[in-house]
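Each residue of the sequence shown is one higher than the one before, starting from 1 at the first, in the numbering used here.
Quick reminder that beta carbons are idealized off the backbone N, C-alpha and C, glycines included.
Owing to the predicted nature of the structure, the values given are computational and were not obtained by experimental measurement.
What follows is a set of notes on a single structure, which appears directly below.
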Amino acid sequence: MSKTHVEMIKCPKCKKLSEMTVWDVIDVTDAPEMKQKIRNGEAFRWHCSECDDNSLIFFPTIYHQPGDKYIVSYVPGDPDTAEKCMKDLSNDNESGYNFNNGYTRRVVTDMNQLREKLLILDEGLDDRIIELMKLFIVADIQTSSQDLRITEIYFTKEKDDTYSFAIRFDNDKWGGTAFSKDNYDQVAKTFKTSLLADNEVIIDTEWAVEMLNKNM
Ligand SMILES: [Zn+2]
Numbered sequence: 001m002s003k004t005h006v007e008m009i010k011c012p013k014c015k016k017l018s019e020m021t022v023w024d025v026i027d028v029t030d031a032p033e034m035k036q037k038i039r040n041g042e043a044f045r046w047h048c049s050e051c052d053d054n055s056l057i058f059f060p061t062i063y064h065q066p067g068d069k070y071i072v073s074y075v076p077g078d079p080d081t082a083e084k085c086m087k088d089l090s091n092d093n094e095s096g097y098n099f100n101n102g103y104t105r106r107v108v109t110d111m112n113q114l115r116e117k118l119l120i121l122d123e124g125l126d127d128r129i130i131e132l133m134k135l136f137i138v139a140d141i142q143t144s145s146q147d148l149r150i151t152e153i154y155f156t157k158e159k160d161d162t163y164s165f166a167i168r169f170d171n172d173k174w175g176g177t178a179f180s181k182d183n184y185d186q187v188a189k190t191f192k193t194s195l196l197a198d199n200e201v202i203i204d205t206e207w208a209v210e211m212l213n214k215n216m
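Right under this line is the structure:
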């Protein structure tokens with residue numbers, strides 16, 4: 001079930017206080033409109049009722065999509081709290097859901113990660129395979145262009161519905177590389193046994209490096 005509370009936010013422009021609905025838990029079965037709003041960031045938008053100023057205020061939230069047995073805890077900038085939230089949730093029997101049974105449970109600490117995780121979910125892909133693919137792509141690019149370092153890499157969907165990876169370099173320029181389904185299937189096959197045994201909730205570069213080392 002969704003859970004919200006109201007916070008008063010002081011407008012940076014006119015200093016008047018306006019309400020903001022903060023979603024502690026988003027459950028799309030009783031708040032279907034939030035499915036889109038969390039993906040496009042509108043869930044985090046606050047409006048001033050006086051001067052119509054608006055801004056994005058990122059609050060911690062738990063996003064739950066029961067139909068897909070998917071739950072993600074988003075705690076901006078705070079991995080320890082995020083992980084604790086997920087543990088508390090896994091032990092919570094009041095919700096009526098058993099998050100230990102066949103659930104994909106994830107913890108993220110920034111909005112880009114959250115968006116990426118939900119996109120991967122929507123496309124029916126496995127974020128663990130995507131993270132492993134990123135390692136190979138980054139290694140490939142770093143070998144061929146040693147003067148630039150990659151600072152970020154995200155799975156994305158292009159306007160023509162094809163997939164790719166968006167890559168940010170340390171000179172702040174963005175580039176991209178195509179997503180290969182063959183490569184995805186190959187990685188899925190190689191790591192199949194290890195992935196079945198894995199139940200980590202933070203799936204990021206660090207996780208992927210560890211998974212790779214275990215399989216070497
Ligand atoms: Zn205002």
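Opposing strand residues paired with residue i [DSSP bridges]
| i | result |
| --- | --- |
| T104 | Y70 |
| E19 | M8 |
| V25 | K3 and I62 |
Residue environment, residue i, which counts as buried when at least 16 other CB atoms sit within 10 Å
| i | result |
| --- | --- |
| W174 | exposed |
| K134 | buried |
| A82 | buried |
| L121 | buried |
| L118 | buried |
| I57 | exposed |
| S73 | buried |
| M8 | exposed |
| H5 | exposed |
| M1 | exposed |
| S145 | exposed |
| A139 | exposed |
| C132 | The identity of residue 132 in the sequence shown is Leu, whereas the question assumes Cys. So L132 counts as buried. |
Distance cut-off 6 angstroms: residue i Cβ against heavy atoms of ligand 1
| i | result |
| --- | --- |
| E7 | no |
| K10 | no |
| K13 | yes |
| K69 | no |
| C85 | no |
| E19 | no |
| E210 | no |
| K16 | yes |
| E42 | no |
| E116 | no |
| K206 | Checking the sequence, you will find Glu at residue 206 rather than Lys. No, the beta carbon of E206 sits no closer than 6 angstroms to any heavy atom of ligand 1. |
| E50 | yes |
| D27 | no |
| D126 | no |
| D53 | yes |
Cβ neighbours of residue i in the same chain (closer than 6 angstroms, five flanking residues each side left out)
| i | result |
| --- | --- |
| R148 | Per the sequence presented here, residue 148 reads as Leu, with Arg not at that position. Only F169 meet the Cβ criterion. |
| M20 | E7, I9 and W46 |
| V25 | S2, K3 and I62 |
| A31 | S2 |
| Y154 | E116 and A166 |
Contacts around residue i, its chain only, beta-carbon distance under 7 angstroms, and the 5 residues preceding and following it disregarded
| i | result |
| --- | --- |
| V201 | E83, M86, R105, R106 and V107 |
| F99 | I71, L89, S90 and R105 |
| Y97 | P66 |
Chain-order list of residues whose beta-carbon lies under 8 angstroms from that of residue i (same chain, five-residue window excluded)
| i | result |
| --- | --- |
| K237 | This structure cannot settle anything about residue 237, because the visible part of the chain is limited to 1 through 216. |
| I129 | Y184, V187, A188, F191 and L195 |
| G77 | T109 and D110 |
| T177 | I137, I141, S164, F165 and I167 |
| N215 | T190, F191 and S194 |
_Unbroken stretches of the alpha helix (DSSP H), 4 residues or longer, contained in the region 36-90_ = Restricting attention to alpha helix (DSSP H) runs no shorter than 4 residues, the region 36-90 encloses them at 79-90, ordered along the chain.
*asked:* Runs of 3 residues minimum, wholly inside the region 144-208: which ones carry the beta strand (DSSP E) assignment?
replied: Segments of the beta strand (DSSP E) lying fully in the region 144-208: 150-157, 163-169 and 174-178.
*Curious, which full-length alpha helix (DSSP H) runs of at least 4 residues does the region 115-144 contain?*
Those alpha helix (DSSP H) runs which fall completely within the region 115-144 and span 4+ residues are 127-144.
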